[in-house]
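Quick note, in full-length UniProt numbering, the sequence shown goes up one by one and the last residue is 233.
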Amino acid sequence: MTALREEVTAILAVAMEGDEVLLRLETGGGMVHGYGLASSQLDRLKSAGVKLTISVDKVAASGGYMMACVADKIISAPFAIVGSIGVIAQLPNFNKLLKKNDIEFEQITAGEFKRTLTMFGENTDKAREKFQTEIEETHGLFKDFIAAHRPELDLETVATGEHWFGKQALDLGLVDEIGTSDDFISLACKDREVLQVRYVQRKKLAEKLAGATGDAADNLLMKWVSRGQRPFM
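Encoded structure:
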């Protein structure tokens, strides 16, 4: 997330009217709060008047589609996986196994629903019902977010948790065009200046020294090999 934030900030510092950003997106999703923040970072570009195009060469599912829907235009490769507008949570429960081995588990909370489902305690129907409600509420927020950015979508059809290939996603309105990021960049290079923006985290001194030592060892090994010497194994 740090990388995306820094890249967006760098672009906004130099972006001019008429500039366009292409983001190559490849993710199958994850924690909703993380992808919500990532989507907000992309929204900063649009708020500044920068056109945002997102290209999906392989997959933009679940939280990945949450990010993609922010774009002015979504391009998808023919067999890229798109969609999965749903929410899932799963966890094992070892309570019976613990009881079988005479292992007690204690959990102390303040607040009735501080913890709903647990991996080690005995889950109740009330806790399961509460957890299900939370999942459905999160799904509702997810759908509202997508509706705000792509109001033409039929959410009853696409917000079922299913995923589709690019051509199917185009027919459903989840994407706007079939193609790849390579196609887009090749076309853009004909009449526009194309720059790549990438955040590279600075290495700490210890990491730099370790890297330099490793490079020196590799170079020495290559010299041995090039001279026909047999290195120690």
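Idealized CB from N, CA, C, for every residue including glycine.
Helix, strand or coil at residue i [DSSP, three-state]
| i | result |
| --- | --- |
| A188 | helix |
| A3 | helix |
| F131 | helix |
| K204 | coil |
Extent of the continuous alpha helix (DSSP H) run through residue i
| i | result |
| --- | --- |
| L117 | No alpha helix (DSSP H) contains L117, which DSSP labels as neither H nor E. |
| K100 | 95-100 |
Contacting residues, own chain, Cβ-Cβ under 6 Å from residue i (five flanking each side not counted)
| i | result |
| --- | --- |
| A159 | I85, K143 |
| K58 | E26, A80 |
| L91 | M119 |
| A60 | L25, A68, V82 |
| D176 | K73, I74 |
| V70 | S39, L42, D43, H149 |
Neighbourhood of residue i by C-beta, 8 Å cutoff - its chain only, sequence neighbours within 5 removed
| i | result |
| --- | --- |
| P78 | F165, G166, K167, I178 |
| G173 | R150, E152, L153, D154, V158 |
| V50 | I11, L12, A15, D19, E20, V21 |
| F232 | Reliability of the predicted coordinates at F232 is poor, the pLDDT of 43 falling under 50, and the value obtained from them is presented with this limitation in mind. Hits under 8 Å: none found. |
| Q107 | R115, T118, F120, G121 |
| E17 | G49 |
Residue j beta carbon less than 9 Å from that of residue i
| i | j | result |
| --- | --- | --- |
| F184 | L45 | no |
| L97 | K73 | no |
| residue 239 | M67 | There is no way to answer for residue 239, as the model of the chain reaches only from 1 to 233. |
| S76 | G28 | no |
| S55 | R24 | yes |
| G83 | E162 | yes |
| N95 | L117 | no |
| I146 | Y35 | no |
| F131 | A89 | yes |
| A194 | A188 | Reading off the sequence shown, one finds Val at residue 194, where the question assumed Ala. Contact flag set, yes. |
| A127 | F113 | yes |
| V87 | T138 | yes |
Cβ shell of residue i (< 7 Å), same chain only, five flanking positions each side left out
| i | result |
| --- | --- |
| Q41 | L4, R5, V8 |
| N123 | N93, L117 |
| M1 | G34, L37, A38 |
Heavy atom of the ligand GDP within 8 Å of residue i beta-carbon
| i | result |
| --- | --- |
| A48 | Because no ligand of any kind appears in the structure shown, any question about the ligand GDP cannot be addressed here. |
Open item on the list: To test your reading of the DSSP string, which unbroken alpha helix (DSSP H) runs of 4 or more residues are found completely within the segment 136-180?
Closed with: 155-158, 166-172
Task: Those runs of the alpha helix (DSSP H) which lie wholly inside the segment 9-86 and span at least 4 residues - done: 32-47, 63-68
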